[in-house]
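Visitor: Take this structure first; my questions come after.
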Amino acid sequence: MLDNGKRVSSGMAGGRMARLGTFAIFLGTAVAIAVVGFSPRAAAKPAPDNAAGEQTFKSNCVVCHGADGTGSPTGKALKVPDLNSEAVQKLTAAQMEAQVSDGKNNMPPFKSTLSKEQIQGVVAYIRVTFGKKK
Numbered sequence: 002m003l004d005n006g007k008r009v010s011s012g013m014a015g016g017r018m019a020r021l022g023t024f025a026i027f028l029g030t031a032v033a034i035a036v037v038g039f040s041p042r043a044a045a046k047p048a049p050d051n052a053a054g055e056q057t058f059k060s061n062c063v064v065c066h067g068a069d070g071t072g073s074p075t076g077k078a079l080k081v082p083d084l085n086s087e088a089v090q091k092l093t094a095a096q097m098e099a100q101v102s103d104g105k106n107n108m109p110p111f112k113s114t115l116s117k118e119q120i121q122g123v124v125a126y127i128r129v130t131f132g133k134k135k
């Protein structure tokens, strides 16, 4: 075999090719492991920030629902549901998010004042804080 006009042993060139092939296989395997290993974590939805949900609740919901979720005097006059009740707790997160976003009965809509993430956070906070107590 000739390389730039010089004769090179095919054993030497074959050794380089074998090492390059081994390196390519090793590199490909490492990339595949990295993609498979890290993709699920990167694509996973982060858990709602409970502190942010609590702050949103205190800033927007306590006036009617009260700190304990049973309803403030104003809320009771408006007939707000008790957030601890089975009727509220059996709602799905999507149903609760829709009620916070769009409003219902005497509850005003919050879609123009709260972001989607804030609404999701406050719903998560309500479900954890006022969920069924054992």
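The opening residue of the sequence shown carries number 2 in this note's numbering; numbering runs sequentially from there.
By construction, the Cβ of each residue, glycine as well, lies at the ideal position given by its N, Cα and C atoms.
For clarity, every value in this text was computed on a predicted model and none was experimentally measured.
Looking only at DSSP bridge pairs, what is residue 105 linked to?
Guide: Within the sequence shown, numbered from 1, the residue matching residue 105 stands at position 104. Answer is 108.
Visitor: Along the alpha helix (DSSP H) that carries residue 113, what are the first and last residues, could you check?
Guide: For the purposes of this step, residue 113 is taken as residue 112 along the sequence shown, with counting starting at 1. Run containing residue 113: none; DSSP gives neither H nor E here.
Visitor: Ordered along the chain, which non-local residues of its own chain (more than five positions away) have a Cβ less than 7 angstroms from that of residue 79?
Guide: Translated into positions along the sequence shown, residue 79 becomes position 78. Counting only Cβ-Cβ distances below 7 angstroms, and skipping sequence neighbours, we find 65, 107.
Visitor: On the CB-based measure, 16 or more other CB atoms within 10 Å of its CB, does residue 131 come out buried or exposed?
Guide: The count along the sequence shown starts at 1 and reaches residue 131 at position 130. Under this definition residue 131 is a buried residue.
Visitor: Is the separation between the beta-carbon of residue 51 and that of residue 125 shorter than 8 angstroms?
Guide: Position 50 of the sequence shown, counting from 1, holds the residue named residue 51. Position 124 of the sequence shown, counting from 1, holds the residue named residue 125. Yes, the Cβ-Cβ distance between residue 51 and residue 125 is below 8 angstroms.
Visitor: Residue 83 and residue 93 - do their beta-carbons sit closer together than 8 angstroms?
Guide: Start at 1 with the first residue of the sequence shown, and residue 93 comes out as number 92. Start at 1 with the first residue of the sequence shown, and residue 83 comes out as number 82. Not in contact: residue 93 and residue 83 (Cβ atoms no closer than 8 angstroms).
Visitor: On the CB-based measure, 16 or more other CB atoms within 10 Å of its CB, does residue 75 come out buried or exposed?
Guide: Reading the sequence shown from its first residue, position 74 is the one you call residue 75. Counting Cβ neighbours within 10 Å, residue 75 comes out exposed, since fewer than 16 surround it.
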